[in-house]
Structures are given as structure tokens and as C-alpha cells.
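To keep things clear, I will list the structure first and then write my remarks on it.
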Amino acid sequence: MQDLKELNEVITAIKEEIRQGADALTTSKSVYEFKKTFLDNKQGRIGLLMKEMRNVANDQKAEFGKTINGAKEWANNFFDELDQKLKEKEQQQRYESEKIDITMPPVKIRYGNLHPVTTVRNQLTDIFTSMGFEVYEGTEIETDYYNFTALNTPQDHPARDMQDTFYLSPEFLLRTQTSAGQVHVMEAKKPPIKVVSPGKVFRSDDDATHSPMFSQMEGLVVDEGITLCDLKGMLDMFVQRIFGEQTKTRLRPSYFPFTEPSVEVDVSCFQCGGKGCRLCKETGWIEVLGAGVVNKKVLENCGIDSNKYSGFAFGLGLERIAMLKYGINNIKMLFESDLRVLDQIDD
Ligand code: DAH
12 MQDLKELNEV ITAIKEEIRQ GADALTTSKS VYEFKKTFLD NKQGRIGLLM
62 KEMRNVANDQ KAEFGKTING AKEWANNFFD ELDQKLKEKE QQQRYESEKI
112 DITMPPVKIR YGNLHPVTTV RNQLTDIFTS MGFEVYEGTE IETDYYNFTA
162 LNTPQDHPAR DMQDTFYLSP EFLLRTQTSA GQVHVMEAKK PPIKVVSPGK
212 VFRSDDDATH SPMFSQMEGL VVDEGITLCD LKGMLDMFVQ RIFGEQTKTR
262 LRPSYFPFTE PSVEVDVSCF QCGGKGCRLC KETGWIEVLG AGVVNKKVLE
312 NCGIDSNKYS GFAFGLGLER IAMLKYGINN IKMLFESDLR VLDQIDD
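Converting from the sequence shown to my numbering requires adding 11 to each position, the first position being numbered 1.
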């Protein structure tokens, strides 16, 4: 190459090549690579034009150099502009892809809640401890003695038929009632005694309102001068707190070997207020627990002087209370762990 005319032709061709090549560039990285092929100090096509300088006549050298530098400047500006444009585009694309749609409904956070039987157990425990009761938790495996004999239910006693027992051996069994705890407490403590004992019990029984495993809460009060009236007074307070202030109690004569007299306790129906409805089977009353004055024989079996001390005891089924409170008509619903059911009961 010897003169400016030729140089200008080459430069025009290079510019055209750059413009056309630029159309295919989509990222700032590819701009950088493409730019290098023209503007690299050593290898760049525009840079290399300087080498032609030695063939150019002296009086044209200055203009020749200026023209090449002008081309360099043009190319630099061209690539800078292109780079800027692509970077903006890239950023825009990133914004688009990372966009958060704040109008989208969020994924619902699910909170757990306690099982209804646990809730009832906690509520009852709160009520009784606020009345000064201690909590004693017995064991699920018991001996025949604690579950029956000490509770005035010897081997051949007909009351044993009231509860179908799972025996583990002639001596050991799965407790059929938390009443077994009464004996342990009375053996270990001197009166005054005021204890509730919640826990699982087991009976070979299975239908819509009975399950082979269920939960009970036992209560026992022993002191000087305790009568059935104390039981009634405590029950009145208790049922008002668990079923509502209007709730009344009614005692019906019953039989349990470990209490004398024994009663079945009904509450006025908290659904219809006593008028009669499906829940109370049109009677206005609902049976909730068994209770009575502790049989003297039981006190004596536990080494407590029955001439000095007397007591009352009661036992209730936690599933039964949960079913009544939350309108559940099949006990199995409490054991199937169906979240559609359990979700609805959050007290
Ligand atoms: N243990 C009885 C049952 O499971 C309930 C019961 C009744 C407990 C009367 C008591 C009581 O303490 O005095 O059916």
C-alpha cells in the first residue's frame, strides 16, 4: 500500500466489515472478541495498517498516520457504543428473568396444631392444677393387683367383666383404667392428697364410640372430712370451665367397686341448653364421667386410716370429652390422623 487513496479504500472496506459483523453480535463478550480482531495492538487489522507506513512517501506519512488513527477512533467509538447497547439489553433481560410478580398469591404457610385429645388433656390439666391438683402419670403396664385387686375388684369379682382386659401374663396387664394410679399415689403419699392422673388405657373393645386404646383422666382427693358434696362442688366448677358457664351437673346412682356411693355424672347439654337435641339424644343431659366416694376398703388397702380420712375419686374419658366438645361422632376420627379433620379443630 503506497498512498492515501488506497488506505482510505481499505479503511472503508474494514468499516463496512465491522458494521456487517456487528449485526451478528449479541453479547458484550462477543463484541470484545470481535473488537480484538481489529484493534489489538499487535494483531489487530487496523493496527497492522501502521506497518504500511514505511512504503508511503515521506510527505504523505503524517496524513497516513492521522487517517489510521481516525479509523481507530471511529472503531473504538463504534464498539463502545455497541457494547453499551448490548450491556443494557443484557441487563434488561436479566431484570425480566429475575422479575418478581408481587401480585402472585404466596405459597400458603401451614401451621400445625395440637391433636384434639392433647388439647383436651391440656385444658383439663390446666383447670385441675389451677384448683390445686398435682399431676401423676402412671405406667401403661400394670399388675393385676394395682388395676383390680387393690381397687376392691378381686379375681372372681363380677365387675372385672365390665372391662375386657389385655393380659400380658397372669400377673401383668395393660391398664384398663387410670384408677390404677390412685393406689400408687395413696401408697406413696400421706393425705391431704389432690391428684389428677392422665394417660392411655386399653380394653378389648372396638366400635364407633370405643377404641382398644383411649385416654382417661383420673382424679383423687383424700383428706379429713371429704364428702360427696365436695365432689359435686368441684364438678360444678370443672364443667363450667370446660363446657361453658351455663352448664349444670346431675349425679345418678351407679356402681364402681372402688367407690361407695358411686355416681354417674351428667352435664346439662351445652348444645341445646337442656331442651333436647341430637347430641343429648333428646334428654337434655350428657353423661361425662364416673365418680364417687372412695371405698373404705380401697383406703385400707393403701394403708390409709379410713376412720380418719375419706376421699372422692372420678374418672373421665378424654376422647369422649373431645368428641362432645368438637362434634365428632366416631372415635376413629381421632386416631386416623386425617389432616382434613384435625385441621378443623384448633382450640
Ligand atoms: N375407672 C372407671 C372406668 O374406667 C371410671 C371411674 C369411675 C373412675 C368412678 C373413678 C371413679 O375414679 O370414682 O370406667
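Beta carbons are placed, not taken as given, at the ideal position from N, Cα and C, and that holds for glycine. Please read these numbers as outputs of a predicted model, since none were measured by experiment.
If you compare alpha carbons, which of the options is closest to residue i?
i: residue 266; options: 278, 251, 305 and 328; result: 305
i: residue 70; options: 14, 184, 82 and 298; result: 14
i: residue 230; options: 105, 221, 246 and 166; result: 246
i: residue 142; options: 165, 168, 249 and 105; result: 249
i: residue 97; options: 81, 122, 120 and 35; result: 35
i: residue 198; options: 223, 109, 224 and 233; result: 233
i: residue 171; options: 344, 154, 224 and 268; result: 268
i: residue 153; options: 180, 318 and 287; result: 180
i: residue 241; options: 222, 224, 262 and 223; result: 262
i: residue 156; options: 38, 147, 168 and 32; result: 168
i: residue 147; options: 200, 160 and 134; result: 200
i: residue 135; options: 351, 347, 294 and 228; result: 228
i: residue 275; options: 296, 105, 203 and 80; result: 296
i: residue 235; options: 321, 60, 347 and 286; result: 321
i: residue 61; options: 68, 47 and 80; result: 80
i: residue 163; options: 307, 355 and 47; result: 307
i: residue 350; options: 122, 140, 224 and 149; result: 122
i: residue 189; options: 26, 150 and 291; result: 150
Who does residue i pair with in a DSSP beta bridge?
i: residue 260; result: 278
i: residue 230; result: 207 and 325
i: residue 152; result: 185
i: residue 344; result: None, per the DSSP bridge assignment.
i: residue 218; result: 221
i: residue 212; result: 225
i: residue 107; result: Its beta-bridge partners do not exist; DSSP assigns none.
i: residue 145; result: 206
Return the chain-ordered list of same chain residues with a C-beta closer than 8 Å to the C-beta of residue i, the five sequence neighbours on each side being excluded.
i: residue 272; result: 239, 264, 303 and 304
i: residue 226; result: 128, 132, 209, 210, 211, 212, 328, 329 and 330
i: residue 78; result: 15, 18, 19 and 22
i: residue 83; result: 50, 57 and 58
i: residue 316; result: 310
i: residue 32; result: 45
i: residue 74; result: 15
Roughly how far, in whole angstroms, is the beta-carbon of residue i from the beta-carbon of residue j, given that I think they are within contact range, below 8 Å?
i: residue 337; j: residue 127; result: 6 Å
i: residue 76; j: residue 64; result: 7 Å
i: residue 323; j: residue 237; result: 6 Å
i: residue 270; j: residue 243; result: About 14 Å separates the two Cβ atoms, so there is no contact after all.
i: residue 86; j: residue 50; result: 6 Å
i: residue 277; j: residue 309; result: 24 Å between Cβ atoms; not a contact.
i: residue 214; j: residue 174; result: 6 Å
i: residue 38; j: residue 101; result: 7 Å
i: residue 342; j: residue 219; result: 7 Å
i: residue 206; j: residue 145; result: 5 Å
i: residue 312; j: residue 191; result: Wrong, their Cβ atoms sit about 12 Å apart, outside the cutoff.
i: residue 293; j: residue 287; result: 4 Å
Only counting the same chain, and skipping five residues up and downstream in sequence, which positions put a Cβ closer than 6 Å to that of residue i?
i: residue 52; result: 58
i: residue 176; result: 184 and 187
i: residue 281; result: 254, 255 and 258
i: residue 124; result: 357
i: residue 318; result: none
i: residue 203; result: 234
i: residue 222; result: 342
With a CB to CB cut of under 7 Å and the five nearest residues on each side skipped, what residues in its chain are close to residue i?
i: residue 89; result: 29
i: residue 284; result: 257
i: residue 339; result: 333 and 345
i: residue 130; result: 358
i: residue 42; result: 36, 90, 93, 94 and 97
Would you say residue i faces chain B, with C-beta separation under 8 Å as the test?
i: residue 26; result: You won't find chain B in this structure, because it holds only one protein chain.
**Report entry** In chain order, each beta strand (DSSP E) run of at least 3 residues that lies wholly inside the stretch 265-341
**Finding:** For the stretch 265-341, whole beta strand (DSSP E) runs of length 3 or above, ordered along the chain, are 270-279, 296-305 and 321-328.
Report task. Counting only runs of 3+ residues fully inside the stretch 180-209, write out the beta strand (DSSP E) ranges in chain order. Result -> Listed in chain order, the beta strand (DSSP E) runs fully inside the stretch 180-209 are 183-185, counting runs of at least 3 residues.
Query raised in the report: For the stretch 42-97, which segments carrying the beta strand (DSSP E) assignment without a break, of at least 3 residues, lie completely within its bounds, in sequence order?
Result: Within the stretch 42-97, no complete beta strand (DSSP E) run reaches 3 residues.
Requested in this report: Please list the segments of the alpha helix (DSSP H) lying wholly inside the stretch 15-39, counting only runs of 4 or more residues, in order along the chain.
Outcome: Within the stretch 15-39, the alpha helix (DSSP H) runs of at least 4 residues that lie entirely inside it are, in chain order, 15-34.
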